[in-house]
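Working notes, beginning with the structure itself.
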Amino acid sequence: MEGVDHLAHERNKSEFDVDAMKIVWAGSPHAFDVSDRISKLVASDPGFRKDNRSTLSRKELFKNTLRKAAYAWKTIVDLRLSEEEAAKLRFYVDEPAFTDLHWGMFIPAIKGQGTEEQQQKWLPLAYKMQIIGCYAQTELGHGSNVQGLETTATFDSQTDEFIIHSPTLTSSKWWPGGLGKVATHAIAYARLIVGGREHGVHGFIVQLRSLEDHSPLLGITVGDIGMKFGNGAYNTMDNGVLQFDHVLDVYSIAFASIAVMLWVSQVTCEGKYKQSDVPRQLVYGTMVYVRQTIVADASCALSRAVCIATRYSAVRRQFGSQNGGPETQVIDYKTQQSRLFPLLASAYAFRFIGEWLKWLYADVTQRLQANDFSTLPEAHACTAGLKSLTTTATADGIEECRKLCGGHGYLCSSGLPELFAVYVPACTYEGDNTVLLLQVARFLMKTVSQLGSRLSSKKPVGTIAYMTRVEHLMQCRCGVQRGFAELSADLVEAAVAHCQLIVVSKFIEKLQQEIPGKGVKQQLEVLCNIYALFLLHKHQGDFLSTGCITPKHAALANDELRSLYSQVRPNAIALVDAFNYTDHYLGSILGCYDGNVYPKLYEAAWKDPLNESVVPDGYHLYIRPLLKQEIRTARL
Ligand SMILES: CCCCCCCCCCCCCCCCCCC/C=C/C(=O)SCCNC(=O)CCNC(=O)[C@H](O)C(C)(C)COP(=O)(O)OP(=O)(O)OC[C@H]1O[C@@H](n2cnc3c(N)ncnc32)[C@H](O)[C@@H]1OP(=O)(O)O
Ligand SMILES: Cc1cc2nc3c(=O)[nH]c(=O)nc-3n(C[C@H](O)[C@H](O)[C@H](O)COP(=O)(O)OP(=O)(O)OC[C@H]3O[C@@H](n4cnc5c(N)ncnc54)[C@H](O)[C@@H]3O)c2cc1C
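Start counting the sequence shown at 288; every next residue gets the next number (our numbering).
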C-alpha cells in the first residue's frame, strides 16, 4: 500500500522525544539544521541519483562519478555553500571520489606540513580546484612500513632542484586515490638525499599532469590499478600507480624548486640539510588528521546498516502465528535482539567517541602551534587505536546486519553489500588495523616502563591516567620490555581493551552532561549500559580469569543485558529514526522509512537489466542447443 507508514505502530511505541535525540545525534541544533537541509537537497536532485551503480561498467561508473563531482562542485558554487554545508553535500552524495583525497588529504597535508610560502602558493589554487591533488605515500612494495619507501628525492645543488625518481618496480606509487586518472598534483613521499646523504622520508609537492591537456608530464608514468572488491562500491575511485623517471623537466622544475614540505626540516640553497627542533613524527601528521575523520565516519556507516537491519527486522515476520494471527516480528526474537542491539549501542558510542576525538585533535593542533608537543604521543595512540577499533567493529557490524536481514540482505537493493564493499577497506587504509594497534601497544608499554621508574617524574595523564591505579602493571614492566615482538598478539588485545575503555568512559562522560528532551538521557543510559555490559559478556573469560569479576557478577551482567534489550525494544525504530537518514542516503529497500518492503522489492527485481527481455541473450547459442542435445553444434 503506497503512502501507508507500515512502521507507524512501532513509532507510536517510543518513549522518548525523537526530535531531541536527532539533535544529540547531529551534535547541535545548528548541525542538525545543516544536515537535514543538505540531505533533502541531495535526495531531491536527480543529478545525484545512485541506484544504478551496481549495473554500470567501470568506465560508465567512473565517468558518472566525474559528472557527479563536477555537478556537486557547481552546486556548491551556485548555492554559495559554506565549508560545513559542502562537506555535508559530499557526505550525502555518498560516492567515493577523487575529491575526497583532494579535500581530505592533499589540502590538509599542505595546511599541516607546508611552510607559509608553500601554503600561500598552493592553497588558493587547491581551494578553487584549479589544481587537483592526491596523497601518494604507499608503494607497491611498502605501505605500513613508511620508512621503507624507496622513491628518492635527490637535491641537485647546481640547479636548486629535487630529482624525484622511482629506482625499482616496488618503488612505484600504488593505491593513492585520485591519482589514477584525475590528479594534477601529488604530495609524494620520498627519501630525501642531500649531498649524497639520506635524511629519511619527506613529502614533496609534485605536478603530474599538464594543466592544459591533462597529459602526464615528462618522466611520469601514471594510470589506474584496476578493479577492486565489489560491484560499484569503491570502483568509483581511481586508485593509481605512478612512476617517476628522474622527474626534472622544465615545467616541473618550476614547482619542484619549492616542493619539499619543509616544516620539519630545511634544505638550504647551498645544499645543507637542517633538522628543525619539531619532532620528526610530524611528517606523519596528515595520517593523524585523517584517522580522526575516519573514526567520526564509522558511526555513520554503522548507523546506516543498523537502521536498515532494525527497520527490516520490525517488518519481517517468521513463525509463531497463533490462531491464524500474524507471525512474530523477527525483532522480537531474543537472539535477533542480542545481535542487533549491541550494534545499535555501538553506533551511538562511536558517534560520541568521534566527537571527543575531534576535540582531542583540535586540542593537540592548538598545542603544536604553540610548540607544545607533549600530547602528540597520546593523540597518535588515540587516533590510531580508535581508528582500528571503530573500523573493525563497523565492518563486522555491517556484515552482521546483512545476516540479520536474512536472504534479502544479500540483494544489492538492500544497500548492505555495497555499504560493506565501500567500507571494508577502512580496516586497511590509513594504517592496517593490526599495525595501528601495535602502535598503541608500544605507547602503553612505554608508559608502563616509565611507571615507577626513578628517572621519570612524569605521571600518566589523560587516557592513560588509570594506569597508575593498576598495581600489577609494575610487575609486568621487565617482562614486556624484553619480549615485545614475542608478546605482540597479546599486546594487541591489551591495546583493544585500552581503546574500549576510552570509548566506554567517554560515553559515560557524555551522559554526565545536560541532555534535554523527554526520555533522551534515559535511552542513552540504556545504550551505554548495553555497550559496556556486552563487552563484559563477550570477554567474560578474560575478566573471570584475571579475577576482575566473579561468576556471579558474570551471570548478573547477563541478566541485566537481557533486561536492557527489553527496554530498547519499544524504542528501537525511534532510535534509528533519530539518525535522520533520507531513503536516498540509506539506498536500501529493506530500510525504507515507511517499511513498505515487499512491493518495492518486487518492483525493483523487474528493473534489473536481465529482465529487459523475457528470453535472455544467449538463449539460441547456449540454452537451446543444451535442451535439444545439440551442444556439439553450438558456437562456444
Ligand atoms: C568548500 C568545499 C569543501 C568541499 C568539501 C568536501 C569534503 C570532502 C572531505 C572528504 C573527507 C574524506 C576523508 C578522507 C577519506 C579517507 C580516504 C582514505 C584514503 C587512504 C589513504 C591512505 O591510506 S594514505 C597512507 C596511509 N598509510 C599509513 O597509514 C601507513 C601506516 N604506517 C605508519 O603510520 C608508520 O609507518 C608506523 C607508525 C606504522 C611506523 O612508523 P616508523 O617506522 O617511524 O616506526 P616507529 O614505530 O618506530 O615509530 C617512531 C615513533 O613515531 C611515533 N609515531 C608513529 N606514527 C606517528 C604519528 N602518526 N604521529 C605521531 N607519532 C607517530 C611512534 O609512536 C614512535 O614514537 P616513539 O616515541 O619512538 O615510541
Ligand atoms: C581502498 C584503498 C585506498 C587507499 N588509498 C591510499 C591513498 O590515497 N594514498 C596512499 O598513500 N595509500 C593508500 N592506500 C594504501 C594503504 O594505506 C595501505 O594499503 C595500508 O597502509 C596497508 O599497507 P600495506 O598494503 O603495505 O599492508 P601490509 O603492511 O603489507 O600488510 C599485510 C599484512 O601484514 C601485517 N603486518 C604488516 N606489518 C606488520 C607488523 N609490523 N607486525 C605485524 N603484522 C604486520 C598486516 O597486519 C597485514 O595483515 C589505500 C589502500 C586501500 C585499500
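Glycine is no exception: its CB is placed at the ideal position from the N, C-alpha and C atoms.
Does the Cβ of residue i have 16 or more other Cβ atoms within 10 Å, making it buried, or fewer, making it exposed?
i, result
"residue 820", "buried"
"residue 285", "Outside the displayed range of the chain (288 to 923) lies residue 285, so it cannot be described from this structure."
"residue 381", "buried"
"residue 426", "buried"
"residue 334", "exposed"
"residue 677", "buried"
"residue 413", "buried"
"residue 835", "exposed"
"residue 908", "exposed"
"residue 805", "exposed"
"residue 606", "exposed"
"residue 843", "exposed"
"residue 748", "exposed"
"residue 911", "exposed"
"residue 889", "exposed"
"residue 735", "buried"
"residue 359", "buried"
"residue 526", "buried"
"residue 584", "buried"
"residue 417", "exposed"
"residue 797", "buried"
"residue 470", "buried"
"residue 784", "exposed"
"residue 753", "exposed"
"residue 543", "For residue 543, the predicted model reports a pLDDT of 37, less than 50, meaning its position is unreliable; a value from the coordinates is still stated below. Buried, by the Cβ-count rule."
"residue 546", "Summary for residue 546: the model assigns pLDDT 49, below 50, so the residue's position carries little reliability; its value from the coordinates is reported in the next sentence. It is buried - the Cβ of residue 546 has at least 16 other Cβ atoms within 10 Å."
"residue 576", "buried"
"residue 415", "exposed"
"residue 924", "Lying before the first or after the last residue shown, residue 924 is absent from the chain, which here runs from 288 to 923."
"residue 287", "No answer is possible for residue 287: the residues shown for the chain start at 288 and end at 923."
Under 9 Å, do residue i and residue j count as touching if we go by C-beta distance?
i, j, result
"residue 881", "residue 290", "yes"
"residue 604", "residue 622", "no"
"residue 524", "residue 352", "yes"
"residue 640", "residue 866", "no"
"residue 473", "residue 421", "yes"
"residue 668", "residue 707", "no"
"residue 379", "residue 410", "no"
"residue 454", "residue 529", "no"
"residue 591", "residue 868", "yes"
"residue 671", "residue 726", "yes"
"residue 851", "residue 876", "no"
"residue 465", "residue 385", "yes"
"residue 391", "residue 580", "yes"
"residue 597", "residue 862", "yes"
"residue 336", "residue 348", "no"
Assuming residue i is part of the beta strand (DSSP E), what are its boundary residues?
i, result
"residue 474", "472-481"
"residue 449", "448-452"
"residue 528", "527-531"
"residue 439", "439-443"
"residue 793", "Premise fails: residue 793 lies in the alpha helix (DSSP H), 775-798, not in any beta strand (DSSP E)."
"residue 407", "It is not in any beta strand (DSSP E) - residue 407 instead sits in the alpha helix (DSSP H) that spans 403-414."
"residue 561", "560-562"
"residue 713", "From DSSP, residue 713 is part of no beta strand (DSSP E); its letter is neither H nor E."
Compute every distance between the C-beta of residue i and the non-hydrogen atoms of ligand 4, then say whether any falls below 8 Å.
i, result
"residue 725", "Of the ligands one can find in the structure shown, namely ligand 1 and ligand 2, none is ligand 4."
Could you tell me the boundaries of the alpha helix (DSSP H) in which residue i lies?
i, result
"residue 599", "572-602"
"residue 829", "827-832"
"residue 492", "Segment 484-494 is the beta strand (DSSP E) holding residue 492; no alpha helix (DSSP H) there."
"residue 735", "720-737"
"residue 511", "Taken as a continuous stretch (DSSP letters only), residue 511 belongs to no alpha helix (DSSP H), being part of the beta strand (DSSP E) at 507-511."
"residue 906", "Careful: residue 906 lies outside any alpha helix (DSSP H) and carries neither H nor E."
"residue 805", "Careful: residue 805 lies outside any alpha helix (DSSP H) and carries neither H nor E."
"residue 889", "884-893"
"residue 399", "394-400"
Legend entry - Stretch-stretch touch, CB-based, cutoff 8 Å, three pairs: the segment 478-491 with the segment 428-439: yes
Legend entry - Contact between the segment 712-719 and the segment 616-626 (3+ Cβ pairs under 8 Å): No, the segment 712-719 does not touch the segment 616-626.
Inset, instruction - Could I get the ranges of all uninterrupted alpha helix (DSSP H) runs contained in the segment 616-681, with 4 residues as the minimum, in chain order? - result: Annotation note: the segment 616-681 contains the following uninterrupted alpha helix (DSSP H) runs of length 4 or greater, listed N- to C-terminal: 621-656.
Legend entry - Stretch-stretch touch, CB-based, cutoff 8 Å, three pairs: the segment 899-906 with the segment 632-649: Taking 8 Å as the limit for Cβ pairs, the verdict is that the segment 632-649 does not touch the segment 899-906.
Legend entry - Validate contact between the segment 360-376 and the segment 447-463 using beta carbons, cut 8 Å, 3 pairs: no
Legend entry - Three CB pairs or more closer than 8 Å across the segment 488-503 and the segment 690-709: no
Legend entry - Cβ pair count under 8 Å reaching 3, the segment 852-859 against the segment 301-309: yes
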